[in-house]
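Everything below concerns the one structure shown next.
Residue numbers (our numbering), protein chains in the order written: chain G, 2 to 402; chain H, 2 to 402.
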């Protein structure tokens with residue numbers, strides 16, 4: 002049985018409140034063997050106090066050895082098997098800039114490129130054209146009209162932009178037009194299945210109009226299309242968990258991922274403190290709150306151990322404000338590890354904590370990678386976290402009689 | 002998504018070296034409750050030193066409670082789900098005697114038997130005819146010729162031998178001809194599916210000719226056929242992991258299993274020291290080395306606790322020679338447990354160790370069953386070991402963006 006068929010059939014609605022705190026890239030590594038990880042080096046009195054009340058363990062974002070991107074990392078935490086639910090590149094790019102995808106949308110990553118007089122690509126990135134210039138061209142492309150399809154053109158950065166087609170019968174399986182080399186013309190968009198024939202035709206019309214609009218440009222006189230992707234079909238939180246869910250995030254990517262599973266994105270906070278302000282303000286309106294903290298990841302990606310330690314302490318410092326709201330269940334986790342040592346996302350399992358009045362506390366005294374090894378949750382795939390949260394909130398009926 | 006589709010899509014090639022040391026039947030049991038296992042009783046200073054640098058855990062060869070044979074035990078370690086990939090009995094028997102199966106081969110286990118004058122089986126094993134006599138008969142059977150099919154007949158032991166048919170369109174699903182009782186004639190080979198009709202016909206021709214060749218024998222005047230099996234279709238290491246893999250084993254069975262996943266079998270070592278000599282000699286030519294040590298299993302099967310302890314110490318003693326090669330990743334594991342107490346393969350999870358510069362060391366001080374319980378790898382299905390090895394070697398890209 003699909004786990005969402007199971008949770009759907011077991012939903013209980015009550016007044017409980019669940020807060021999922023995601024410190025992006027939370028897990029780490031010691032700089033020297035035997036040393037502390039970033040989380041262990043940080044002074045985290047509030048997390049440690051929660052660890053003594055709660056139960057911890059290590060969550061595997063995807064499978065042992067697999068390092069996830071932000072998409073699969075968050076899908077797992079949200080309860081969706083990240084190997085079954087795949088967010089295509091175009092959808093992820095659109096999501097990342099805050100574009101709100103709707104059912105039936107097809108999103109495409111586009112690159113401005115430079116063609117020679119024979120129509121062959123001489124630069125696949127149009128000289129990495131600066132963002133302001135690129136944005137001006139994107140605005141010109143918004144003049145493109147195609148019968149029966151709504152068209153969106155959105156700037157991203159430098160030579161990159163996103164196109165979204167909205168309409169009926171648009172499949173997402175169309176081959177890239179970027180030939181991945183110079184000296185040859187761009188390819189035509191070709192459908193990989195019958196359901197995507199209309200999409201390929203619409204893309205062809207778009208490209209024909211774009212070629213005319215851009216013809217006079219010195220560098221960016223055309224563009225390629227790749228990563229065609231239909232909006233992923235993720236059953237929404239309200240339906241599979243019975244939760245009115247709010248997302249409180251600073252960065253567009255995480256707002257977008259939350260929207261894909263039916264969360265309501267609230268506010269436009271710029272800091273963690275503003276995120277917690279919003280949490281308090283919205284407390285009565287929602288059952289579940291996803292709060293995303295970015296800087297434990299970005300400092301890890303920078304290879305800055307000390308700064309990741311500081312950001313972890315900053316994260317720790319807001320916990321009393323959250324506890325003061327008296328949530329039924331607090332979850333603290335990360336979407337993956339980002340050890341400063343590796344300067345990248347990694348496969349290492351992520352310290353994860355559940356605090357509730359019925360969580361069956363373990364004997365852990367602090368929150369961290371080493372302590373979590375002997376935690377009561379053991380090691381588990383992240384996709385199971387949501388059912389644990391619902392159970393701790395009294396929101397799941399017994400399965401079977 | 003299939004895990005091999007996943008690894009295929011994430012392969013990074015680099016100069017790292019991975020060594021997988023398999024001490025067959027490594028895990029054990031104490032003779033008395035509270036006593037040490039064989040591995041814990043052994044003096045293993047080198048394994049213990051690796052344990053302090055590495056991360057350990059307990060691998061489940063198949064699933065909790067399932068004791069595997071050598072085939073599934075090794076398939077799991079090699080990263081192939083042993084419940085999905087099944088090596089048929091005929092293929093395993095051929096592999097075990099070192100016969101190199103090719104795509105499209107069908108292998109069959111055969112038993113010499115004794116028929117009475119009415120053609121009824123009076124002895125299903127032809128009086129357990131001695132191996133030299135049996136081998137002489139096998140050589141006679143090599144005269145058998147069948148149009149359009151290459152035929153191999155190979156001795157095994159006593160009344161047992163193997164037949165392999167090589168040719169186009171040979172399915173592997175043919176019913177056994179051994180009726181599993183005496184007083185009745187052998188059965189005809191009957192195809193269980195349309196794709197195996199030709200195989201059944203070829204087997205019938207083989208049996209007709211064998212009956213004439215063996216007619217004058219006192220005991221072994223015919224033979225049965227069972228365990229028909231096509232070569233299992235295992236995607237090879239190079240393709241799914243991007244690894245040039247070498248197998249360094251003494252016994253044919255393990256060479257054969259390695260060959261089935263596309264490893265190159267190097268050398269003909271007779272001792273563990275010779276295996277390590279080969280490892281050093283082949284160091285530059287391969288990315289991955291599977292080194293198999295048999296005697297921790299065979300002594301366990303003999304119920305000889307003390308001898309298994311000694312063999313474990315012999316295994317430990319070669320580790321400095323391996324570390325001297327400076328491998329990127331060292332894996333130490335077993336394909337299953339073989340407790341002397343049980344004199345057989347068992348289901349108990351197997352102490353497993355990963356050593357690399359980014360393995361996230363745990364606090365274990367020694368290598369063994371009890372210590373592994375508090376290891377950083379937790380308990381995991383053996384099939385995940387290869388992705389962990391690749392991750393530690395920096396050979397897997399991030400999954401998703």
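C-beta: ideal position from N, C-alpha, C; glycine also.
**OP:** Compute the distance between the beta-carbons of residue 333 (chain H) and residue 383 (chain H), then report whether it is under 9 Å.
**Re:** Along the second chain, read from residue 1 onward, the residue named residue 333 (chain H) stands at position 332. Along the second chain, read from residue 1 onward, the residue named residue 383 (chain H) stands at position 382. For residue 333 (chain H) and residue 383 (chain H), no; Cβs fall outside 9 Å.
Original post:
So which residues on chain H does residue 370 (chain G) lean against when the C-beta distance must stay under 7 Å?
Top reply: As a working note, residue 370 (chain G) is residue 369 in the first chain. Those within 7 Å of residue 370 (chain G) in chain H are 361.
Subject >> Of the listed residues H:68, H:206 and H:161, nearest to residue 147 (chain H) (C-alpha basis) >> reply: Mapped onto the second chain, residue 147 (chain H) falls at position 146. It is H:206 whose Cα lies nearest to the Cα of residue 147 (chain H).
**OP:** Using a Cβ-Cβ cut-off of less than 8 Å, list which residues of the region 367-392 of chain G approach chain H; keep chain order.
**Re:** 370, 371, 374, 375, 379 and 380
Original post:
Can you list the residues of chain H that residue 352 (chain G) reaches, using a CB-CB cut of under 9 Å?
Top reply: One-based indexing of the first chain puts residue 352 (chain G) at position 351. Listed along chain H is no residue with a C-beta nearer than 9 Å to that of residue 352 (chain G); the closest approach is about 11 Å.
Original post:
Thinking C-beta only, is residue 369 (chain H) closer than 9 Å to residue 26 (chain H)?
Top reply: As a working note, residue 26 (chain H) is residue 25 in the second chain. As a working note, residue 369 (chain H) is residue 368 in the second chain. No. Outside cutoff.
**OP:** Quick one: list the residues of chain H neighbouring residue 63 (chain G), beta-carbon separation under 7 Å, in chain order.
**Re:** If you number the first chain from 1, residue 63 (chain G) lands on position 62. In chain order: 400.
Subject >> Supposed close pair residue 357 (chain H), residue 329 (chain H) - CB separation, criterion 8 Å >> reply: Along the second chain, read from residue 1 onward, the residue named residue 357 (chain H) stands at position 356. Along the second chain, read from residue 1 onward, the residue named residue 329 (chain H) stands at position 328. That pair is a contact at about 6 Å.
Subject >> Chain-ordered chain G contacts of residue 332 (chain H) [CB-CB under 8 Å] >> reply: The count along the second chain starts at 1 and reaches residue 332 (chain H) at position 331. Correct list: empty, because the minimum Cβ distance to chain G is about 12 Å.
Original post:
Which full runs of the beta strand (DSSP E) of 3+ residues lie inside the region 71-117 of chain G, going along the chain?
Top reply: 107-116
Original post:
Helix or strand or just coil, what does DSSP make of residue 400 (chain H)?
Top reply: For the purposes of this step, residue 400 (chain H) is taken as residue 399 along the second chain, with counting starting at 1. Reduced to three states, the DSSP call for residue 400 (chain H) is strand.
Original post:
Are there 16 or more other CB atoms within 10 angstroms of the CB of residue 380 (chain G), so buried, or fewer, so exposed?
Top reply: On the first chain, residue 380 (chain G) is found 379 positions in, with the first residue counted as 1. When all chains shown are included, residue 380 (chain G) counts as buried.
Original post:
Are residue 349 (chain H) and residue 29 (chain H) close, meaning C-beta to C-beta below 9 Å?
Top reply: Your numbering for residue 349 (chain H) matches position 348 in the second chain. Your numbering for residue 29 (chain H) matches position 28 in the second chain. Yes, they are a contact pair.
Original post:
Does DSSP put residue 319 (chain G) in a helix, in a strand, or in coil?
Top reply: For the purposes of this step, residue 319 (chain G) is taken as residue 318 along the first chain, with counting starting at 1. If DSSP states are grouped into helix, strand and coil, residue 319 (chain G) belongs with coil.
**OP:** Could you tell me whether the Cβ of residue 54 (chain H) comes closer than 9 Å to any Cβ of chain G?
**Re:** Taking the second chain and counting its residues from 1, one reaches residue 54 (chain H) at position 53. So yes, residue 54 (chain H) belongs to the interface.
**OP:** Tell me, please, whether the region 191-206 of chain H touches the region 121-141 of chain H by the rule of three or more beta-carbon pairs shorter than 8 Å.
**Re:** no
**OP:** Would you mind stating whether residue 267 (chain G) and residue 283 (chain G) have Cβ atoms separated by less than 9 Å?
**Re:** Sequence index remark: in the first chain, residue 267 (chain G) carries index 266 (1-based). Sequence index remark: in the first chain, residue 283 (chain G) carries index 282 (1-based). Contact: yes.
**OP:** Spatial neighbours of residue 353 (chain G) within its chain, please: CB distance less than 6 Å, with the 5 preceding and 5 following residues excluded, ordered by chain position.
**Re:** Numbered from 1 along the first chain, position 352 holds the residue referred to as residue 353 (chain G). Around residue 353 (chain G): 58, 60 and 334.
Original post:
So which residues of chain G does residue 2 (chain H) contact, with C-beta pairs closer than 8 Å?
Top reply: As a position in the second chain, residue 2 (chain H) is number 1, starting the count at 1. Under the 8 Å cutoff, chain G gives 84, 85 and 87.
Original post:
Among residues of its own chain, excluding the 5 on either side of residue 220 (chain H), which ones have a beta-carbon nearer than 8 Å to its beta-carbon?
Top reply: Taking the second chain and counting its residues from 1, the one referred to as residue 220 (chain H) is at position 219. Spatial neighbours of residue 220 (chain H) in its own chain (CB-CB distance under 8 Å, excluding positions within 5 residues in sequence) are listed in chain order as 113, 115, 124, 127, 128 and 130.
Original post:
How many angstroms separate the CA atom of residue 236 (chain G) from the CA atom of residue 149 (chain H)?
Top reply: Numbered from 1 along the first chain, position 235 holds the residue referred to as residue 236 (chain G). Numbered from 1 along the second chain, position 148 holds the residue referred to as residue 149 (chain H). Rounded to whole angstroms, residue 236 (chain G) to residue 149 (chain H) spans 56 Å at the Cα level.
**OP:** Starting from the Cα of residue 62 (chain G), find the closest Cα among G:56, G:71 and G:55 and give me that residue.
**Re:** Against the first chain, residue 62 (chain G) aligns to sequence position 61. Among G:56, G:71 and G:55, the Cα nearest to that of residue 62 (chain G) belongs to G:71.
Original post:
Can you name the residues of chain H whose CB is closer than 7 Å to the CB of residue 26 (chain G)?
Top reply: As a position in the first chain, residue 26 (chain G) is number 25, starting the count at 1. Going along chain H, no residue has its Cβ under 7 Å from residue 26 (chain G), so there is no contact; the nearest lies around 12 Å.
Original post:
Just curious, the alpha helix (DSSP H) that residue 207 (chain G) is in, first and last residue?
Top reply: Along the first chain, read from residue 1 onward, the residue named residue 207 (chain G) stands at position 206. Note, residue 207 (chain G): alpha helix (DSSP H), 198-215.
Subject >> Residue(s) in a DSSP beta bridge with residue 136 (chain G) >> reply: Locating residue 136 (chain G) in the first chain gives position 135, counting from the first residue. Bridge partners of residue 136 (chain G): none, in fact.
Original post:
With distances taken from CA atoms, which of G:210, G:251, G:75 and G:102 is nearest residue 141 (chain G)?
Top reply: Taking the first residue of the first chain as 1, we reach residue 141 (chain G) at position 140. Nearest C-alpha to residue 141 (chain G): G:210.
Original post:
Where do the N-terminal and C-terminal ends of the beta strand (DSSP E) with residue 155 (chain H) fall, by residue?
Top reply: Here the question's residue 155 (chain H) lines up with position 154 in the second chain. Note, residue 155 (chain H): beta strand (DSSP E), 151-158.
Subject >> Spatially closest choice to residue 250 (chain H) from H:265, H:231, H:270 and H:233, by CA coordinates >> reply: Counting from one through the second chain, the residue named residue 250 (chain H) turns up at place 249. The residue with the shortest Cα to Cα distance from residue 250 (chain H) is H:270.
**OP:** Below 8 Å on the Cβ atoms is my guess for residue 344 (chain G) versus residue 56 (chain G); work out the distance and round it to an integer in Å.
**Re:** Translated into the one-based positions of the first chain, residue 344 (chain G) becomes position 343. Translated into the one-based positions of the first chain, residue 56 (chain G) becomes position 55. Actually they are not in contact, since the Cβ atoms of residue 344 (chain G) and residue 56 (chain G) sit about 32 Å apart, beyond 8 Å.
Subject >> Run of the beta strand (DSSP E) containing residue 226 (chain H), from where it starts to where it stops >> reply: Looking up residue 226 (chain H) in the second chain gives position 225. 223-231 is the extent of the beta strand (DSSP E) around residue 226 (chain H).
Subject >> Helix, strand or coil at residue 371 (chain H) [DSSP, three-state] >> reply: By 1-based counting over the second chain, the position of residue 371 (chain H) is 370. Looking at residue 371 (chain H) - three-state DSSP - the assignment turns out to be helix.
**OP:** Verify whether the separation of the beta carbon atoms of residue 179 (chain G) and residue 227 (chain G) is less than 9 Å.
**Re:** Stepping through the first chain from its first residue, residue 179 (chain G) is reached at position 178. Stepping through the first chain from its first residue, residue 227 (chain G) is reached at position 226. Going by C-beta atoms, residue 179 (chain G) is nearer than 9 Å to residue 227 (chain G).
Original post:
Shorter than 9 Å from the beta carbon of residue 284 (chain G) to some beta carbon of chain H?
Top reply: For this step, residue 284 (chain G) is matched to residue 283 along the first chain. Residue 284 (chain G) does not count as touching chain H.
Original post:
Going by C-alpha distance, which of G:37, G:13, G:34 and G:73 is nearest residue 399 (chain H)?
Top reply: Here residue 399 (chain H) is taken as the residue at index 398 of the second chain, counted from 1. Closest option to residue 399 (chain H), Cα to Cα, is G:73.
Original post:
With distances taken between CB atoms, is the gap from residue 1 (chain G) to residue 199 (chain G) smaller than 9 Å?
Top reply: Outside the displayed span of chain G (2 to 402) sits residue 1 (chain G), for which this structure offers no information.
**OP:** Answer with yes or no whether the minimum CB distance from residue 340 (chain G) to chain H is below 9 Å.
**Re:** On the first chain, residue 340 (chain G) is found 339 positions in, with the first residue counted as 1. Yes, its Cβ sits closer than 9 Å to a Cβ of chain H.
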